[in-house]
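K.L.:
Mapping of the sequence shown onto full-length UniProt numbering: position 38 corresponds to residue 38, and the numbering continues sequentially without gaps.
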Amino acid sequence: MEIKDNELLRQFEITTDTGLVAIEYSLQERKIFLTKFCENENEDIDLQDEFIKKVLAIAEDRNLKVVPTHLRLIKFFRKHRRYQEMLPPGLKI
Numbered sequence: 001m002e003i004k005d006n007e008l009l010r011q012f013e014i015t016t017d018t019g020l021v022a023i024e025y026s027l028q029e030r031k032i033f034l035t036k037f038c039e040n041e042n043e044d045i046d047l048q049d050e051f052i053k054k055v056l057a058i059a060e061d062r063n064l065k066v067v068p069t070h071l072r073l074i075k076f077f078r079k080h081r082r083y084q085e086m087l088p089p090g091l092k093i
């Protein structure tokens with residue numbers, strides 16, 4: 001799975017058989033706000049979770065704190081507690 005960081009559209013994206021899967025983001029200081037998850041008819045939950053994990057790995061490599069604002073991403077953080085440390089101080093999900 002190769003993730004493209006489309007800086008013009010401010011989204012991470014991958015292309016699958018069913019179309020484009022993307023996570024839109026906004027950067028502020030040392031935080032990345034994950035604002036929208038676009039799955040475009042791709043219902044493969046395992047693929048979506050793997051995509052989110054790889055995007056979080058990119059954020060970790062860039063030393064960014066992550067603020068999920070989309071419901072799908074918030075559910076992912078609740079389900080996978082090990083990513084809680086990537087949240088900025090004072091933010092609990």
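The C-beta atom is built at its ideal place from N, Cα and C for all residues, glycine as well.
Since the structure is predicted, the reported quantities are computational estimates derived from the model, not experimental observations.
Would you kindly check if the distance between the Cβ of L64 and the Cβ of residue 97 is under 8 Å?
P.N.:
Absent from the structure is residue 97, since the part of the chain shown begins at 1 and ends at 93.
K.L.:
Go to D61, then tell me how far its alpha helix (DSSP H) extends in each direction, as first and last residue.
P.N.:
I45 to D61
K.L.:
How about the stretch 33–42 and the stretch 63–82: do they share at least three Cβ pairs that are nearer than 8 Å?
P.N.:
Result yes; three or more Cβ-Cβ pairs closer than 8 Å.
K.L.:
Does the separation of the CB atoms of T16 and L47 fall below 8 Å?
P.N.:
For the pair T16 and L47, the CB atoms are nearer than the 8 Å cut-off.
K.L.:
Could you tell me the distance, in whole angstroms, from the CA atom of L8 to the CA atom of E85?
P.N.:
29 Å
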